[in-house]
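Quick note on numbering: my numbering labels position 298 of the sequence shown as 302, and the sequence is numbered without any gaps.
Cβ coordinates follow ideal geometry from the N, Cα and C atoms, glycine included.
Predicted model, so just to flag it, every value in this text is computed and none were measured.
Beneath this line is the structure, given in structure tokens, with notes to follow.
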Amino acid sequence: MNRVFRIVWNDSLAAWTVVSELSRGHAKASAAASAAGAAVIALALASVSMPAAADCAAAGAAITCATAGGTQSTTVGAGPATADNTSVDVQPGALVSTGNSSAISLGNNAAITVRGGATVQNSSTNGNSQYPGGIGANTIEFNSNSTLVIEQGANVFADGTAGNSEAVNPVGSGNTIINHGTVRSTHAAIWFQANSGNNTIVNTGRMEAGYVAGNTNPGTSTVFGANGTSAVDFTNKGSVIGSLSFASGNDALHAYTGSSITGNISGGGGANLLTLESDDGAAAATFAPLSLTGFQTLQSNGGIWTFNVALPASGITSTTVNGGTLILGADASTYTGSMNVAAQGVLQSTAQFAPLAIGNAGLVRFAQPSDATYTGLVTGAGGIEKTGAGVLTLTADQAFTGLTTVSAGTLQLGNGGTTGSVQGNIVNNATLSVNRSNALTVSGTISGSGALVQAGAGTTILTADNSYTGGTAIEAGTLQLGNGGATGSIVGNIANNATLVLNRSDALTLPGTISGTGSVVKEGAGTTTLTAANSYSGGTALKQGRLNVGHSLALGTGALAMDDGTTLGFVADGLNLANAIVLTGNNDPVIDTGAFSETLSGNISGGGFITKLGSGTLTLSGANTHTGATNVAEGTLKAGATGTFSAASAHTVASGATLDLAGFSQTVASLANSGTVSTVGTAPGTTLTVNGAYVGNNGVLRLGTFLGDSSSVSDRLVLNGAGASASGRTSVQISQLGGLGALTTGNGIEVVSALNGATTTAQTTRDAFTLAGGHVDAGAFEYRLYAADASGAGENWYLRSTTTAPATPPTSPTSPTTPPTTGTGGSPGGAGTGAVQVPAYRAEVPLLSALPSQLRQMDLAMIGNLHQRIGDDDVQAGGTASSGTERRAWGRVIATDIDIRQQGTVDPHSKGNAKGFQAGTDLFATSNWRAGVYVGQLDGRARVSGFASGIAHLAVGSNDLRSQYLGAYGTWTADSGFYADAVLQAGRHRYTVEPLSTLRSSGKGDSLMASIEVGQSFALGASGWKIEPQLQLIHQHLSLDSLAISGANVRQDSDDGWIARVGVRLKGEMSTGLGTLQPYARFNLYKASGGADVARFISPPATTGITGRTGFTVSELAGGLTLALSPTTSVYGEVGKLWASGGATDVKTSVQGSIGLRMKW
């Protein structure tokens, strides 16, 4: 280490100082003695080198102040005389304390470091700097381009009383002061002496001016100052106790979070910059000097800064938030400079403090604890955020295009005037309120958990599909969803105390509830669906498009006003809308049920039309008074109460549609029926009154009628007034509401009434009404429709179960009469001169009356007689009699004819045939006895004619017969030629009654027959022929189950009877090339006991019995043979014919027969 020093005179201190041998000496200009003394000392030092007795030691240009050797009490360096690039390192624990003189005084490019724990200080009272110009004794001073570093824990103190002595005094420019420790002065802590140039301060420690020991209120002394046009770049990351006074240069002050300045800040002249910085972006700080002046530009670059300086008075003309958050803690509402927020920046203010113009590329946050109005304008691509519990009212039409966020409290757009809006999307987690007197379109999307309030008298139009969930309140004016396009919706509940307008071109569903005293207006061509149980009471106006409902309370409690061309639809089944409906126009609103069944229980009024669409059912139960037409285009329009169809409305029923009175009497202005008009309810007596034209366009009129006698009650179509008339064609369908048929007398049952001059074609063409199917059947009777009364007078129409016949019945025809294929709607009502009333029985009456005889005839064909069943006696192939002990199996095919004409109520005549088989086997056989069983089946069809529809011998249909049999037999034969045969046969019957003009009916039954037959053969000489007298007695029992047919329940009481057969058979026996042939011919006479089959058509009040007499005498001529093909195999057969020979029933046949095969086993 270089321990050589020089002693030089310091003019400022007026004293000799120890400096490095490299320092330059300056003569003291004020005295010659000083020069002489200096010369002597210099000469002595020049001749001798000696170590200095000081703690600061030099090594070349580097001076180190250590703790060894005590305190350094003399000035280190010689000010401007010190060699450039000199460095001083005050090491930890060292103390440099010089009293009334500077502690360290260097020149240019100096480097001074005060280590942690070291202290450099002086206590000047009137001392001078080593620099000229009257500078006081500063603790540390240096010239230009120098660096002073004060480490953490290090101290630089200027504790003297001299006002011109600072702790640090850079004399030149280009200097840098870095303070991590403490810089303290009883006056100014730092003073930049130069009048020009730039200097830098970085403070992370403590800088204090005006220090007074023990004083906790340091005041506003200047921490640093500067002269002239010099510029200072001051970075403050620590504490500044006192004021900052910049000169006229272009200065910069960089304040970091965690720092503080207690005094005033004066930027002086020049273009000065104030920045707010942070090394930790989340750190918060307050910038709150006592005053701020002389700065033109403010930049907030990081951290969360509360700026408690009133911008308008600060002189700042440009404010930019480049990053972090700048909170305006003082009023900036009158600030006229620029305020810009960069993309990464946040400007936070209350509405009261916010500037009136903000350029925003980041975020402007209005932290509003209380209510206030912001009249300014925010522009740019950034967004705003509303926080705090208060209400922020924006009265300008904001031009920023970024996101609007409502985090707390209320953001209100407008204050009852015509301005106040935001652009872009809105995240609403509190309350968004709109208070405008004119229309405002909000095109951005509103999301979040908050609520929307429509508070102004104007109209707010939401054109985005919004998703906020906090509900919607309409307190005044109008809230409109959509503007005729495909977007514009909300979710959640709506408290509507004004007007809600729905204006979409597509589908919109509102699942939330709508409550309040307000109204709902449906505009736009689209479909809006309301699915909740709404309670709003202001009514609904359907102006355009379609309004669907999914709940009975979907329309609230007010009325529904439907304009022309609109549609009310349904999306749920079984709804009942109690809302009154007003048809505002004079054209065609539509009610479309779809496939559902719905009810309108409110009153429908107004002059518009109604068109019912949809395949479902619409029930009207209100007192409807609309004067426009009612058009049932699809589905069913149904009455839910008496008089619910508007009496002032002309009704039209389209093809495939139904107007259903459902048992409630109605009155309409007119009726055009191309579909179905039904009056049917649970009981007859409903009336449909038409006060104008009734036009049947091949439609159906369905009436409910008690089908009894002429006093029976029926639904009626009533044409009332001289202007009422029936025209066109209508098919009348009768629905049976009680009654199972009876004979009518007089006019019959009235079903169409003409009152007060109305006409029905009953006196002209008689073609306005026809009865569907030509007749309706009940009990044993069929009813037909007749125009006019029994005398042929009047315009009424009647149902009668009687018809007219000549006074003298004609001779019975020999063939059935073909029934009419259509109804008798055109039949005159009067019987005419010489005619009588006869009952009109239904087609089923002859069919069922003939049925027992048909089945008995088939039973008789199956049981037959012994030789029909199994053939003739057994013979050997050579003609020798069999021993008779072999068992036989046999079977035959049967074809029988049915031709039965009975006397009785309707004189049925059956004609048909039956075919089938019979097969049996012996189970026991001896030379004289045989016993066995058989099964069989016959299928037949019998056409029937009889007295029906008031016409004798009318062809009415056919019976399809299917019978199955099980029988047991026992036969005894004697060698003398005598035989006895006993048979017991059970039958199971299935049948179908098939009328020509009505539905078929199927039934079943069973039968039991017993037969005993005896015969004795006698040889006729030696010719080989024998004669065999025969006697057979048969008992028949037939039981048929009750049969339900349309309009009746039929109980069939079939007669049990006896049949006796007396016959004679001539038989022979001869040999042929095929085998032994046994031909025969026989003649029989059958006699059946007389009785009656009764078909009872039963109704609760009465029973009509239809009797068919039994009992017959029949002659039969038949021939047959048995051919033994082998000792074990024979074939046999018979053909014959029956002739009616007397009795109440004529039974005859054409040729019929059977053929069989018998084998022994």
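Next item on the list: Determine contact between the stretch 440-452 and the stretch 413-430, defined as no fewer than three beta-carbon pairs at a distance below 8 Å.
Entry: yes
Margin query: Does the contact criterion of 3 or more C-beta pairs under 8 Å hold for the stretch 956-966 versus the stretch 981-988?
Written below: no
Margin query: Does the structure place the stretch 866-874 close enough to the stretch 770-780 that three or more beta carbon pairs sit under 8 Å?
Written below: no
Next item on the list: Alpha carbon to alpha carbon, how far is Gly974 from Gly1019? Give it in angstroms, no decimals.
Entry: 14 Å
Item checked: Cβ pair count under 8 Å reaching 3, the stretch 689-697 against the stretch 719-730 -> yes
Margin query: Measuring straight from C-alpha to C-alpha, what distance separates Ala651 and Ala687?
Written below: 23 Å
Next item on the list: Could you check what DSSP says for Val457 in three-state terms: helix, strand or coil?
Entry: strand
Check: Applying the criterion that 16 or more other CB atoms from any shown protein chain within 10 Å of the CB defines a buried residue, is Val23 buried or exposed?
Finding: At Val23, the pLDDT of 44 sits below 50, so the modelled position is not reliable; the number obtained from the coordinates is stated separately. Buried is the call here.
Check: Cβ of Ala198 within 8 Å of Cβ of Gly167?
Finding: no
Notebook entry, point to check: Taking the DSSP output, what are the residues bridged to Thr693?
Noted result: Thr671, Val722
Margin query: Classify Ser1001: buried if its beta carbon has 16 or more other beta carbons within 10 angstroms, exposed otherwise.
Written below: buried
Notebook entry, point to check: Can you tell me where the alpha helix (DSSP H) with Val849 in it begins and where it stops?
Noted result: 848-867
Next item on the list: Pull up the distance between the alpha-carbon of Arg440 and that of Leu351, whole angstroms please.
Entry: 27 Å
Item checked: Residue of Ser493, Ala499, Asn500, Ala502 minimising C-alpha distance to Asp510 -> Ser493
Check: If you run the structure through DSSP and keep just helix, strand and coil, what is Pro1033?
Finding: strand
Notebook entry, point to check: Going by DSSP, what residues sit across from Arg1069 in a beta bridge?
Noted result: Glu1032, Arg1086
Item checked: CB of Asn590 within 8 Å of CB of Gly632, strictly -> yes
Item checked: Residues near Gly752 in its chain [Cβ-Cβ closer than 6 Å; skip 5 each side] -> Ser714, Tyr802, Leu803, Arg804
Next item on the list: Tell me, to the nearest whole angstrom, how far the beta carbon of Val1118 is from that of Val1151; I am working on the premise that it is less than 8 Å.
Entry: 5 Å
Check: According to DSSP, which residues form a beta bridge with Asp1010?
Finding: Arg992, Ser1043
Item checked: Residues that DSSP places opposite Ala162 in a beta bridge -> Asn126, Ser189
Margin query: Would the stretch 756-772 count as touching the stretch 987-998 if we require 3 or more Cβ pairs under 8 Å?
Written below: no
Note to self: On the CB-based measure, 16 or more other CB atoms within 10 Å of its CB, does Ser609 come out buried or exposed?
What the structure shows: buried
Margin query: What would DSSP say about Gly548, mapped onto helix, strand or coil?
Written below: It is worth fixing the name first, because residue 548 is Gln in this sequence and not Gly. Correct three-state label for Gln548: coil.
Margin query: Can you list, in chain order, the residues of its chain with a C-beta nearer than 7 Å to that of Leu1012? Leave out the 5 residues immediately preceding and following it.
Written below: Ala990, His1041
Item checked: Runs of beta strand (DSSP E) lying entirely within the stretch 174-259, each at least 3 residues, in chain order -> 180-183, 186-189, 194-196, 202-207, 210-212, 226-230, 235-240, 243-245, 247-249
Notebook entry, point to check: Run through DSSP, which three-state label would Ile320 get?
Noted result: coil
Check: Given Gly783, which residues of its chain have a CB within under 6 Å of its CB, disregarding the five upstream and five downstream residues?
Finding: Leu744, Gly745, Ala1052, Phe1101, Ser1103, Thr1108
Margin query: Run through the DSSP bridge pairs and tell me what Leu870 is partnered with.
Written below: According to DSSP, Leu870 bridges with nothing at all.
Next item on the list: Take Gly639 and list the residues in its own chain whose beta-carbon comes closer than 8 Å to its own, dropping the five residues that flank it on each side.
Entry: Thr597, Lys616, Leu617, Gly618, Ser619, Gly620, Thr621, Leu622, Ala661, Thr662
Notebook entry, point to check: Ordered along the chain, which non-local residues of its own chain (more than five positions away) have a Cβ less than 7 Å from that of Arg1162?
Noted result: Ile874, Gly875, Arg892, Trp894, Ser1134, Tyr1136
Next item on the list: Look up Ala85 in the DSSP assignment and say whether it is helix, strand or coil.
Entry: helix
Next item on the list: Starting from the Cα of Gly81, find the closest Cα among Gln134, Gly214, Thr204, Thr71 and give me that residue.
Entry: Gln134
Check: Are Gln3 and Lys1071 closer than 8 Å when you measure CB to CB?
Finding: Any question about residue 3 goes unanswered here, given that the chain covers just 5 to 1165.
Note to self: Among Lys1091, Asp979, Thr521, whose alpha-carbon lies nearest the alpha-carbon of Asn932?
What the structure shows: Asp979
Notebook entry, point to check: What's the gap between the Cα of Gly460 and the Cα of Ile430?
Noted result: 19 Å
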